[in-house]
Amino acid sequence: MGVKQHASASPPLTIYPELTLVDLLIHDPAGDHNPYDAVPWSRDPLVPTTQDAITVGVRTTTNFESVVIELNSADDTSTTLLKNDSGTWTGTIDPLDGDARYRFLGSLPDTEHNEVTEWFDLPVARWNAVRFTSLATIGTSIEASGNDALLRINTKQRGVLDWEIANGSDDGPPGETCTSGGWTAVLVDGSLALSSELGTITLAVEGCRIGDEISAWRLVWALDNEELLFGTGERFDSLNQRGKAPDIRVYEQYKQQGGRTYFPLPWLWSTRGYGLAIDGKSRISYDLGVTVQDRASATIPTQSGASGRWYFGKPKALVQAYVHDTGRPSPLPVWGYGPWMSGNEWNTDRRVREVVERSVAEGIPASVIVIEAWADEVTFYLFNGATHDVVEGDTAVAADSMRYGTEWPDPAGLVDWLHEQGVRVLLWQIPLLKDVEGHAQHDADLRFVSEAGLAVGTTDGGVYRNRGWWFPNSRAIDFTNPEARRWWFNKRAYLLDEIGIDGFKTDGGEHLWGSDVSTFAGETGDEAANAYPTHYLSSYHAFLREHGHDQPLTFSRAGFTGSQAFPAHWAGDEDSTWVAFRASLVAGLSAAASGIAFWGWDLAGFSKELPTADLYKRSTAMAAFCPIMQYHSEHNEHRQPLADRTPWNVADHTGDATVTDVYRFYANLRMNLVPYLLSLGDEAVTHGTPIMRPLVLEFPHDEEAMGIEDQFLLGADILVAPVLTPDATERNVYLPDAEWFDLWTGAPMD
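1 is the number of the first residue of the sequence shown in the UniProt record's numbering; add one for each residue after it.
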């Protein structure tokens, strides 16, 4: 135990007896509550284990000559100088054997007076392996017990094993073998080995104690040398997650997502023929052969218990079973299968008409337009430029009470015109109440929401304010509160009933950071954060159904367990680069492997420099065979060149007129694929089968196909091999054992 000494030219600090508590030294153990990136004046990790070194820091509001951390533990009291970097002082505490406390002391120049913070408690978590010593059959369950833990395996339903870890002891009846439901259980070196005609699996359990309480369980299982692991939600880093440590936490990582994701799922499956789903909404941490190559584990907080289900079968059947249990998707309307067009800078009636008229003139079909920049950027239910008399409380607004501005002079007329062109309309949404003042209607809305308690709160009875970088300090509407849902959608009903909108782009949903977050339904912390997207999307789907849309369509980025039931989803924010193209393909395949059927991406990326002609054409070809085909661009301050990812704008920018020709070809091909896509959509709705499929789903015994993440199947019949590198004129394609024909020529392929 000890504190690492940082090199410093400052002299050692003398501790004086008279200390004062001031705010010149600022330290918050939780920092800004970001679940991944700790600020320098926080503690990381917040709750360390006995194996973790701990980074701590303090921010100063004046110039200190030196700052030290004083650490007090059961074994020692020590002080160590911290390292200064522009007023932020940081240091590292070596792993601790037990709980401790610490404070910071600062020495001001030319004085013998010290500034001091309060004492901060430092709990330390300790992991211990559970050694099962007792095994018994109780009803339809196999129960293994040992020190601290009871592992219950229910064999009642064929093809699955329901499991639960609970507090237990080692005083159960002795036994090393038992049977139930065709399964044989044997204790082997303190672990539980289960076997049947469906397969064999070996389980172990570890418990994490903080003080006298068990704070988390770790479910451990053995891996074979050759098995691959898929799932855990939409992942950008790899289709096969073996050798990774995916984290189950809804999070907005703006571009270059790496191992983070908007849409995690506590669910995975193996090429060995099993799947593992974990119940609840907790932040699960997997270790899939990272620490120990032949061992996988899932760390599960005990906040809402530790339970789940093992599935057994072939890959496609595993995915179908999981989707059956957590929510099959609702049908996509037929117009959702055509090409989509979107651009953040289409912020007026005139601009929307221009891009649609140009698309028609170019002979490029489109069935959906997403209008992002339609609203006033404050209420997000009033059109920009529209005014009306302030409506108090939960009174609905009406279209005929509006005085529309020049930006959107006649929204209902625009929607009628778009429908005449065969184009359906989605409007952008965000589940936040923006932190602005001076807008009369928004001020009235904030008063009502605050008085009625309709926003997400904190455990101390306060109102949660968004701690993320996007829409900072905003309130998040609490979709678990029926009154909040009623108020929220009452304000938006006119968009469906009078304007004629067809659906919504339900952006965001990743805004809840911190253990103190609390919802009306009683969810707190990470559970509230993970559950929020599903509440958000299910509420919008219910809203659409209530207003006559039997096949509701939203377009969402965030998700969690159950969100796949509310289509559709897209991969989030990416640059227009080949690297992002490849990552987006992996995201689509991993989403499909996780049971997310209706998925798309911003073809060729939406951010920064416009894509090259080559990248745009290759991305278009790939996107035409995705469940959703869409182009989109982010806001660019309307600078030149325009950021639009329309094919003609990319063609003009690159000087390559064939960009428009290629996009036209694939957009028309897409329209011809709609009947096939409809049949795949029916299969997704009926059976839970993804539309876009990794090869392993259809060819589970093909070892070569298992690891392929640069090809995919559209349904069972179309194999797609995108070109993922610049200036390529050919690529290798792997054909699994089947009868294949060239889509363009009809010629058989070997």
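C-beta: ideal position from N, C-alpha, C; glycine also.
Nothing here was measured: the structure is a model prediction, and the numbers come from that model.
Cα-Cα separation between residue i and residue j, rounded to whole angstroms
i	j	result
residue 744	residue 718	12 Å
residue 129	residue 206	4 Å
residue 296	residue 181	26 Å
residue 150	residue 238	35 Å
residue 290	residue 378	46 Å
residue 326	residue 319	11 Å
residue 343	residue 631	8 Å
residue 184	residue 195	5 Å
residue 201	residue 261	29 Å
residue 422	residue 569	22 Å
residue 463	residue 457	4 Å
residue 634	residue 256	16 Å
residue 499	residue 399	7 Å
residue 550	residue 686	16 Å
residue 465	residue 426	28 Å
residue 82	residue 187	50 Å
residue 748	residue 482	58 Å
residue 734	residue 350	48 Å
residue 715	residue 402	47 Å
residue 76	residue 108	27 Å
residue 218	residue 283	13 Å
Buried versus exposed call for residue i [16 or more other C-beta atoms within 10 Å across all chains shown]
i	result
residue 331	buried
residue 579	exposed
residue 23	exposed
residue 594	buried
residue 306	buried
residue 21	In this predicted model, residue 21 has a pLDDT of only 44, less than 50, meaning its place in the structure is not dependable enough to derive any value.
residue 406	exposed
residue 651	buried
residue 292	exposed
residue 50	exposed
residue 708	buried
Per DSSP, the bridge partner or partners of residue i
i	result
residue 228	Looking at the DSSP assignment, residue 228 forms no beta bridge with any residue, so it has no partner.
residue 138	141
residue 208	127 and 216
residue 238	Looking at the DSSP assignment, residue 238 forms no beta bridge with any residue, so it has no partner.
residue 429	506
residue 69	80 and 104
residue 85	88
residue 554	504
residue 185	178 and 194
residue 692	714
Extent of the continuous beta strand (DSSP E) to which residue i belongs
i	result
residue 274	274-278
residue 341	339-342
residue 631	629-631
residue 120	120-122
residue 89	88-93
residue 152	149-154
residue 695	Taken as a continuous stretch (DSSP letters only), residue 695 belongs to no beta strand (DSSP E), being part of the alpha helix (DSSP H) at 695-698.
residue 162	160-167
Limits of the alpha helix (DSSP H) - the one that residue i falls within
i	result
residue 684	658-687
residue 450	440-452
residue 322	315-326
residue 526	525-546
residue 504	From DSSP, residue 504 is part of no alpha helix (DSSP H) but of the beta strand (DSSP E) over 503-506.
residue 413	411-420
residue 489	482-490
residue 649	647-654
residue 614	613-623
residue 588	578-593
Residue i: CB within 7 Å of a non-hydrogen atom of the ligand SAM
i	result
residue 571	Of the ligands one can find in the structure shown there are none, so the ligand SAM has no counterpart to examine.
Worksheet item: Can at least three beta-carbon pairs, one atom from the stretch 382-398 and one from the stretch 693-708, be found at a separation below 8 Å?
Response: no
Discussion item. Under 8 Å, with one C-beta from each stretch per pair, do the stretch 200-220 and the stretch 521-536 reach the 3-pair mark?
Written reply: no
Worksheet item: Does the count of Cβ pairs from the stretch 118-134 and the stretch 93-107 closer than 8 Å reach three?
Response: yes
Worksheet item: Any chance the stretch 439-448 sits against the stretch 388-403, with 3 or more Cβ pairs inside 8 Å?
Response: yes
Discussion item. Using a Cβ distance threshold of 8 Å, determine whether the stretch 239-251 contacts the stretch 306-322, with at least three qualifying pairs required.
Written reply: no
Worksheet item: If you pair each beta-carbon of the stretch 160-180 with each one of the stretch 84-96, do three or more pairs fall below 8 Å?
Response: no
Discussion item. Using 8 Å as the cut-off, can you tell me whether the stretch 497-510 makes contact with the stretch 418-431, which would need three or more C-beta pairs spanning the two stretches below that distance?
Written reply: yes
Fill in: Three CB pairs or more closer than 8 Å across the stretch 512-519 and the stretch 544-552
no
Discussion item. Could you check whether the stretch 223-237 touches the stretch 590-605, counting it as contact only if at least three pairs of C-beta atoms, one from each stretch, sit closer than 8 Å?
Written reply: yes
Item to complete: Check whether the stretch 61-72 touches the stretch 134-149, counting contact only when three or more Cβ pairs, one atom from each stretch, lie closer than 8 Å.
Response: no
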